[in-house]
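*Asks:* One structure follows; several queries about it will come next.
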Amino acid sequence: MKDFNSFDWVDKAAPEKARTVQEALFLEHMGYLAQHSGYYKNMFAREGIDPGRVGLADLPHIPFTEKGDIEKYNDDFLAVPKRKVADIVLSSGTTGKPTRIMYTESDMTRLAYNEKIALSRTGITDEDTVLLTCTMDRCFVAGQAYYSGLRQIGAAAIRNGLSGIASHLEILYSMPVSAIVGVPSFLQKLGESIAERGETGIFKSVKRLICIGEPVRDKELTLRALGAALENTWGAVVYSTYASSEIVTTFCECSERKGGHAHPALGYTEVIDSSGKTLPAGEVGEVVFTPFMVEGMPLLRFKTGDVSFFIDQPCGCGRSSIRLGPILGRKKQMIKMRGTTFYPQSIFAQLDEIEHVSEYYMV
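This note's numbering puts the first residue of the sequence shown at 653, with every later residue one more than the last.
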């Protein structure tokens, strides 16, 4: 099993040093795929790819992996004997049929390390008590990831899961909580319920809201109406985080809150246009990710289906790793109207700005 902690230094390394580490890990990744993954063995043979003679600069010449591929050839992506599978997650497929994502014990350790790094960036330490309002069951990985990361940090985790507002209120009444992880729209309803009950003393202990599943910033990295409402209601700092079951890696904001960092040693990020061309920093396209050091179901150039952009300027926090902007939408949800391209998220953002619209449903 890898000693993931030995890569801590790469998170703040100079770009050229981080790139050297990524090149080495990519070469190791390609060798692992060629030796253990039936799907990629076939791809390399079909495409004439020599896995020992490619580098990151060659990625644009390597085919993408899509959700539909994992769904269609699910067993071929498994790169370990079935006895080494430690956890099975179900991810939504392109046809609505659940697709298995299988992790080994090493992958679960990597997942915990990934979240330790991510949550630490927000300032969470072993002095914190963190309420998790996301599920740890139903074959869903996020809650497990956050919990494991918090345990590595040494913080106290409260696993209340997808409970109703009353259940979370009971927790918040009974003990001081310094951070909450959850979906922003739910956290806003929870905060409003606290305010309506006149129990605003609860807000004093909550310093951070770690937002998952919904964007809280716009393309300019400023808070959307929902994010601003959260900070106003709770008096806490809002942080955004992004991940998916397939990439087993998190992009999480730091104290600067100007895009989500991904640890350079955990993978390589690309953004592509509709033709598959790799885009430079600042240009909007589909996020593509190659995770490193994954055993169970290692992937190569995985198309997430999520639309964003990356920032390659050094961050005020001292890290030089690229940052991912907010998720602007899903590629398959793109709407074209009168020559303009937009996503449902932009409509949601406008609805959030209307004072008397508290709930809405899009069909």
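Each residue gets a CB set at the ideal place from its N, CA and C atoms; glycine is no exception. None of these values were measured; they are calculated from a predicted model.
So Leu817 and Leu842 are in contact, right, with Cβ under 8 Å, and what is the actual spacing, rounded?
*Replies:* The residue you asked about is not Leu; residue 817 is Ile in the sequence shown. That pair is a contact at about 6 Å.
*Asks:* Short of 6 Å in beta carbon distance, which residues of its chain neighbour Gly937, apart from the five on each side in sequence? Order them along the chain.
*Replies:* Correct list, in chain order: Val923, Ile924, Asp925 and Leu931.
*Asks:* What number of angstroms, rounded off, separates the C-alpha of Ala738 from the C-alpha of Glu668?
*Replies:* Roughly 36 Å between the two C-alpha positions.
*Asks:* Grab me the residues of Cys791's own chain with a C-beta within less than 8 Å of its C-beta, minus the 5 sequence neighbours each way, in chain order.
*Replies:* The answer, listed in chain order, is Ile740, Val741, Leu742 and Pro750.
*Asks:* DSSP three-state label for Ile817, please.
*Replies:* Reduced to three states, the DSSP call for Ile817 is helix.
*Asks:* Count the C-beta pairs between the region 904-921 and the region 966-982 that are closer than 8 Å, then say yes if the count reaches three, no if not.
*Replies:* Flag = yes, the region 904-921 and the region 966-982 touch.
*Asks:* May I ask you to list the residues that DSSP assigns as paired with Phe962?
*Replies:* Phe962 pairs with Leu976.
*Asks:* Mapping the DSSP letters down to three states, classify Thr672 as helix, strand or coil.
*Replies:* Looking at Thr672 - three-state DSSP - the assignment turns out to be helix.
*Asks:* On the DSSP letters alone, give me the boundaries of the beta strand (DSSP E) that Ala808 sits inside.
*Replies:* Its beta strand (DSSP E) spans residues Ala808 to Arg811.
*Asks:* Using the DSSP secondary-structure output, state which residues sit across from Cys967 in a beta bridge.
*Replies:* According to DSSP, which records beta bridges pairwise, Cys967 is partnered with nothing at all.
*Asks:* Short check: CB of Ile854 to CB of Leu824, under 9 Å?
*Replies:* Closer than 9 Å, so yes.
*Asks:* Step through the CB atoms of chain D and report whether any lies within less than 9 Å of the CB of Val946.
*Replies:* Absent here is chain D; the protein component of the structure consists of one chain.
*Asks:* In terms of residues, what are the limits of the beta strand (DSSP E) holding Glu938?
*Replies:* It spans Gly937 to Pro943 - the beta strand (DSSP E) in which Glu938 sits, taken as one unbroken run.
*Asks:* Apart from the five residues just before and just after Ala797, which ones in its own chain have a Cβ nearer than 8 Å to its Cβ?
*Replies:* Only Leu763, Ala764, Asn766, Glu767, Ala895 and Thr902 meet the Cβ criterion.
*Asks:* Give me the residue from Pro950, Thr921 and Glu822 with the minimum Cα distance to Ile722.
*Replies:* With distances taken between Cα atoms, Ile722 lies closest to Pro950.
*Asks:* Since Arg860 contacts Ile776 with CB under 8 Å, what's their CB separation in whole angstroms?
*Replies:* Between Ile776 and Arg860 the Cβ distance is about 7 Å, and since that is below 8 Å, they are a contact.
*Asks:* If you draw a straight line from the alpha carbon of Tyr755 to that of Gln674, how long is it in whole angstroms?
*Replies:* Roughly 22 Å separates the two Cα atoms.
*Asks:* Pair every Cβ in the region 695-715 with every Cβ in the region 675-684, then say whether three or more of these pairs are closer than 8 Å.
*Replies:* Contact holds: three or more Cβ-Cβ distances are below 8 Å.
*Asks:* Tell me whether Gly683 sits in a helix, a strand or coil according to DSSP, three-state version.
*Replies:* Three-state result, Gly683: helix.
*Asks:* Looking only at its chain, what residues have a beta carbon closer than 7 Å to the beta carbon of Ser689, apart from the 5 residues adjacent to it on each side?
*Replies:* Phe729, Ala731 and Pro950, listed in sequence order.
*Asks:* Give the secondary structure of Asp728 by DSSP, where H, G and I count as helix, E and B as strand, and everything else as coil.
*Replies:* In this structure, Asp728 counts as helix in the three-state DSSP scheme.
*Asks:* Tell me the DSSP secondary structure of Val617 in three-state form.
*Replies:* A question about residue 617 goes unanswered here, because the residues of the chain that appear run from 653 up to 1015.
*Asks:* Could you work out which residue in Asn884, Pro836 and Cys786 is closest to Ser819 when comparing CA atoms only?
*Replies:* Closest option to Ser819, Cα to Cα, is Cys786.
*Asks:* Look up Val741 in the DSSP assignment and give the residues it is bridged to.
*Replies:* Note: Val741 sits in a beta bridge opposite Ile753.
*Asks:* Rounded to a whole number of angstroms, what is the C-alpha to C-alpha distance between Leu873 and Lys693?
*Replies:* About 41 Å.
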